[in-house]
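The opening residue of the first sequence carries number 1463 in my numbering; numbering runs sequentially from there. Don't be surprised by glycine CBs; every beta carbon is placed ideally from N, CA and C. Keep in mind the model is a prediction, meaning the values are calculated, not measured. One structure is given below, encoded as C-alpha cells.
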Amino acid sequence: MQVNQLQTLRGMADQLPMGINGWQQLEAIGREHMRRACVAEIRTPLLEATELFARGIGAATDVVGKEMYTFIDRGERSCTLRPEGTAGVVRAAIQNGLLSQGPQKLWYSGAMFRYERPQAGRMRQFHQLGLEFLGFNEPRSDVEAIVIAWDLLMDLGLKELKLELNSLGSKEDRLNYRNQLVNWLEQHQNQLDPDSQERLQTNPLRILDSKNPNTQELLKTAPDLLAALCPESLERFEQVQQGLTALQIPYQLNPRLVRGLDYYGHTAFEITSSALGAQATVCGGGRYNGLVEQLGGAPTACIGWAMGLERLVLLMQNQSSTTAAAPDLYVISQGEKAEAIAINAARELRQKGHRVELDHSGAGFAKQMKRALKSAAPLALLIGEAEASSGQLQLKNLQTNSSELVELHQLLSFFSPTR
RNA sequence: GCGGGCGUCGCCAAGUGGUUAAGGCAGCGGCUUGUGGUGCCGCCAUACGGGGGUUCGAAUCCCCUCGCUCGCCCCA
C-alpha cells in the first residue's frame, strides 16, 4: 500500500468480478418475482432534500439523528443521501400524482447510505430491494406483501429463515401503550441499562427490543403491547395471521418486535437469519398508514418492506451455489489473416447469442490451448495459417479431444439453439 | 460514537532485534516458433499499512495515526 494510494472510503465496497455472480442472481430473481406479482419498478434519486427524511422517518430516530450523509450544496440547500427507500418512493408518488390514479404496487432497488461503523453485513453504502404497496388497507395486502418477500427469499435457496410478526396497533393504541410503558419503566428506571434509560426519553418503545439480557429479564413483567390494542387492531392482526397460516408461511409472534422508524403502525415484521452474526435482519417492514399524509399527500394506507442485499449475498455464498458461466466457445488464432477470421467468427456467433471468448494474445497454440482449457469452454475453434488459407476451420471438442474441419457458415449448426 | 482483535507480494502465509525478508496459490515467460490441464526451469515485496521514537542494528520493542475486522449502538 503506497502512501497516497487511493482507496474506497470507509464502509464502501467494490464488487469484484469473481464475486459478482451472487449479485446478478439476486437481482434477476428479485426482478422476476416482482414481474410475476405485477409490481411496477420505480427509481428515485439517491439525493433528496434533508427535510424529506427528517419529516418522514422521524427526527428522533438514530437514522436521522446521527446516521445521515448530509451536506449543503452550492445552492445552500441541505441535501441528504437517502438512508432508506420508502420516503423517496412516497415523495415521488405524491409529487407525480400517482396516487390519484389509484393504488400503487411498487418496488425499487438501489444504494442507500448510512454513516455507521461498518460491520459484517453493515456497510455505509449498502443496497436494498424494497416493495411498497400504496393505497392498500386490507389485511390481505399485508399478507401479499409478506408472501412476496418470503417466496423471493425461498427462491434464493436460503435456509433457516425466521419470520417474526407483531402488531404495533393504531396511533391511539401506540400512544396509550407508550404511556403505560413509560409509567412502568419509570418505576424501574434504576434497573435499566444506560442505553435504555436514554431511550426512555427519546423512543421508549424501542426499549422493548433491547439486547441487554437484564433489561429483557426486567421486561418480562412489563405491560403487554398486544393487551393495549383496541378490538379493531386486534381483529386486523388476527386476519393477517390467518392469511399467513392459510398460505403455510411459518411465523412467530414477537411482542417485543418494534421497528426503528417512526412511521410504522399495525403490522410489523422482520425476517432474520441465524447465520449472519449481529446483523441478522434480512428483511424488515410493516404498515405505515400515516406517512403519505405526513409528507403532504392525502391519507393513504400503505405497507412495505426492504431487504438488505449485502446480507442476502453473504447468505447465498454460504447456502446456495453461485458459479460463473463458462464460454460456449474459445477461439484460438495465429497470424494476421487468421485473427481477422477469428474476430469475425466470434462476432457472428455472438450475434446468435452464444458466449464466445476470443484470445488475442497471438501466443503459441500450446499456450492458447491451455487458456482454452482453463476457461472451461466445451469447444475451441482453431485458426492458423493453414485454416486461414483453406477456409476450413478446426473445431475441437475439448472433452473428447476430437476435432473436425468446418467452414465458417457451418459453424452455427454445431451449437445448441440460442438461449 | 464506544469496546476487543488484526495489519508481511493480487490471495494464503513463515519470520518474535542481527548479514541478501521462507514457502504455496495465482500470474507471466520458457522447455515445445501449429495443439491439452500434469512435469521441469526461470521471473514476480530494496519491502513488512503510514509517521515518529528506542537501538550499533527493527517486519520484529514503544508512541501516534490510518485501515480492516468482531461486538455494542442502530438497522436491511
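Contact annotation: the stretch 1540-1549 does not touch the stretch 1694-1714, with fewer than three C-beta pairs closer than 8 Å. Counting other Cβ atoms within 10 Å of its Cβ, residue 1847 stays below 16 and is therefore classed as exposed. Straight-line measurement puts the Cα of residue 1595 at about 21 Å from the Cα of residue 1694. CA-to-CA, the gap between residue 1479 and residue 1841 works out to about 23 Å.
Taking the Cβ atoms as the reference, residue 1795 lies roughly 52 Å from residue 1733, outside the contact range of under 8 Å.
Residue range 1587-1596 is occupied by the beta strand (DSSP E) that includes residue 1595. Exclusion of the five residues before and after residue 1804 leaves 1793, 1795 and 1845 as the residues of its chain whose Cβ lies within less than 6 Å of its Cβ.
In this structure, the alpha-carbon of residue 1683 lies about 44 Å from that of residue 1491.
CA-to-CA, the gap between residue 1580 and residue 1571 works out to about 21 Å. Under the criterion of beta carbons closer than 8 Å, residue 1587 and residue 1575 qualify as touching, at roughly 6 Å.
Residues of the same chain with a CB within less than 7 Å of the CB of residue 1603, apart from the 5 flanking positions on each side, are 1595 and 1765 in chain order.
Beta-bridge partners assigned by DSSP to residue 1732: 1626 and 1746. Residue 1511 and residue 1561 have their C-alpha atoms spaced approximately 21 Å apart. Residue 1628 counts as buried, since no fewer than 16 other beta carbons sit within 10 angstroms of its beta carbon. Listed in chain order, the non-local C-beta contacts of residue 1599 below 7 Å within the same chain comprise 1763, local neighbours out to five positions each way being set aside. Per DSSP, reduced to three states, the secondary structure at residue 1574 is strand.
Under the DSSP assignment, residue 1769 falls in the beta strand (DSSP E) whose first and last residues are 1764-1770. Close CB contacts of residue 1472 within its chain, under the 8 Å cut and outside five residues either way in sequence, are with 1580 and 1586 (chain order). When C-beta atoms of the stretch 1708-1716 are compared with those of the stretch 1620-1640, three or more pairs fall below 8 Å, so the two segments count as touching. A residue is called buried when at least 16 other Cβ atoms come within 10 angstroms of its Cβ; residue 1728 meets this threshold and is buried.
A direct Cα-to-Cα measurement between residue 1867 and residue 1860 gives close to 15 Å. Residue 1516: member of the alpha helix (DSSP H) spanning 1512-1519, first to last residue.
The beta-bridge partner set that DSSP reports for residue 1531 consists of 1543.
Bounds of the alpha helix (DSSP H) holding residue 1836 are 1827-1836.
Contact annotation: the stretch 1524-1531 does not touch the stretch 1638-1658, with fewer than three C-beta pairs closer than 8 Å. Here residue 1769 is buried: its Cβ has 16 or more other Cβ atoms, across all protein chains shown, within 10 Å.
Along the stretch 1787-1875, the alpha helix (DSSP H) occurs as fully enclosed runs of 4 or more residues at 1798-1813, 1827-1836 and 1847-1852, listed in sequence order. CA-CA distance, residue 1757 to residue 1750, rounds to 12 Å.
Your pair residue 1723 and residue 1519 checks out as a contact, with CB atoms roughly 5 Å apart and the cut at 8 Å. Minimum Cα-Cα distance from residue 1721 among the listed residues 1567, 1655, 1668 and 1817 corresponds to 1668. Counting the other Cβ atoms within 10 Å of the Cβ of residue 1533 gives fewer than 16, which makes it exposed.
The continuous alpha helix (DSSP H) containing residue 1633 extends over residues 1633-1649.
As for any beta strand (DSSP E) of minimum length 3 sitting wholly inside the stretch 1660-1747, the runs are 1727-1735, ordered along the chain.
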